[in-house]
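Numbering (this note's numbering), first residue to last: 428 to 831. Where a beta carbon is used, it is the ideal one built from N, C-alpha and C, also for glycine.
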């Protein structure tokens, strides 16, 4: 049986980024760049004012000095005047700096009268001027390959007039739940029936990272149904099945995958929850077979599938950062198995991250996923932890309010 880290590394090493496509700037938001992006011009493009005020020569400006106003330059205006000794030019934020000026005095630091302005404070050369290329020079690498484009990056690209961007295409992920007991949301309830929540959880998680979910519905516990549904799913970039890979008499998923050309890489991981997790490849397309329990499905997606999908979409950062957190209560666990514990996370009065179990860790207790802000990694070579012990924790999406 593979360890947690062995399984994760094998999965990530098995997949490659998808093809590159050129998309519009807005469509590139949330996606990873497929190349380094280099500045094609300086930023700022020209020397300009950072404040509404007066363009002056700093050497002319001592407190109480009055200067004659020789012109006005609005934002977007043309340079139609210059600053001579003893004069000033009224200027607005973003307007080009007129020749002769080497400082800007904001309106609030002056006293204005018709055609004249009195300086009220000290003025230094360079005050409130944004110099050409002080932010970015032509040829500077402004965005690294694999960077996820947030609003800040979109703003920067727009500043350089870049309307089309090369990114890796979104990964299409087929989702298939298996089991005779499963029902879809709007079906009439039957005795012993269970709502197919796994497909919805997986689709939401896939969409959250910018990939495209393709929900295939339910495959029944027979070869004919599995052959059809899995065959359909293998047309996507990735196939995820849930349930049907344990040792049960009717767990046919593994043999059907093999029949359809999927090379099995492993089918168990030494973790709790999620031990009956399988992974294979059909050509360059990964196939994940996750446990059927909804808690196990969500956790194994988070730990193993999510990093693979991010790599396929060109991301540089695949794994969530681990933080050290203090345990607020003692915990017992099975020795020789890594445990992924759902935890509530908060900051104490000292600003330290502290954690506690988010509830009953039985994989049938779905509510603990709602209450969890993180996953704590409990080492396989221990069977208990004491209150105050430090654990590695990575945060879940709901934990963004913590400021990490």
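Entirely enclosed alpha helix (DSSP H) segments - the stretch 678-716, minimum 4 residues: Segments of the alpha helix (DSSP H) lying fully in the stretch 678-716: 680-686.
Cβ shell of residue 690 (< 6 Å), same chain only, five flanking positions each side left out: 707 and 708
Chain-order list of residues whose beta-carbon lies under 8 Å from that of residue 825 (same chain, five-residue window excluded): With a pLDDT of 41 at residue 825, under the threshold of 50, the modelled position of that residue is not reliable, and the figure given next carries that caveat. For residue 825, where only same-chain residues beyond five positions count, the Cβ hits under 8 Å are 799 and 800.
Start-to-end residues for the alpha helix (DSSP H) that takes in residue 490: Segment: none, residue 490 is in no alpha helix (DSSP H) and carries neither H nor E.
Outcome for residue 768 when other beta-carbon atoms lying within 10 angstroms are tallied against a minimum of 16: By the beta-carbon neighbour count (other beta carbons within 10 angstroms, threshold 16), residue 768 is buried.
Cross-strand partners of residue 744 (DSSP beta bridge): Per DSSP, none; premise fails for residue 744.
Sufficient close CB pairs (3 or more, under 8 Å) joining the stretch 490-497 to the stretch 431-438: no
Beta-carbon separation (whole angstroms), residue 576 vs residue 461, contact threshold 8 Å: In fact, because the Cβ distance is near 11 Å, the residues do not count as touching under 8 Å.
N- and C-terminal bounds of the beta strand (DSSP E) containing residue 644: For residue 644, the uninterrupted beta strand (DSSP E) run begins and ends at 639-646, by DSSP.
DSSP bridge partner residues for residue 812 (one or two, in chain order): 758
Close-in-space but distant-in-sequence residues of the same chain around residue 719 (CB under 6 Å, 5 per side omitted): 669 and 670
Three-state secondary structure assigned by DSSP to residue 676: Because the pLDDT at residue 676 is just 48, under 50, the model does not fix this residue reliably, and the point stays unresolved.
Span of the beta strand (DSSP E), counted from its first residue to its last, around residue 773: Its beta strand (DSSP E) spans residues 765-774.
At least three beta-carbon pairs within less than 8 Å, the stretch 659-667 to the stretch 607-615: no
Rounded separation between residue 786 and residue 797 - CA only: 10 Å
Opening and closing residue of the beta strand (DSSP E) in which residue 449 lies: 447-451
Selection from 556, 590, 483 and 520 that minimises the alpha carbon distance to residue 545: Per the Cα distances, 483.
Residues near residue 833 by beta carbon distance below 7 Å, same chain, minus five either side: Because the chain is modelled from 428 through 831, residue 833 falls outside the range shown and cannot be assessed.
As assigned by DSSP and simplified to three states, the class of residue 780: DSSP places residue 780 in strand when its eight states are reduced to three.
Beta-ladder partner(s) of residue 499, from DSSP: 517
Whether residue 748 touches residue 821 by CB criterion (8 Å): Residue 821 sits close to residue 748, with the two beta carbons spaced by under 8 Å.
Per DSSP, cross-strand counterpart(s) of residue 543: 495 and 540
Residue from 580, 692, 584 and 812 whose Cα sits closest to the Cα of residue 467: 584
Inter-residue spacing [alpha-carbon to alpha-carbon] between residue 712 and residue 561: 46 Å
Chain-order list of residues whose beta-carbon lies under 7 Å from that of residue 487 (same chain, five-residue window excluded): 494, 512 and 513
Rounded C-alpha distance that separates residue 815 from residue 794: Whole-angstrom Cα-Cα distance: 25 Å.
Below-8 Å beta-carbon distance, residue 573 vs any chain D residue: Here there is only one protein chain, and chain D is not present.
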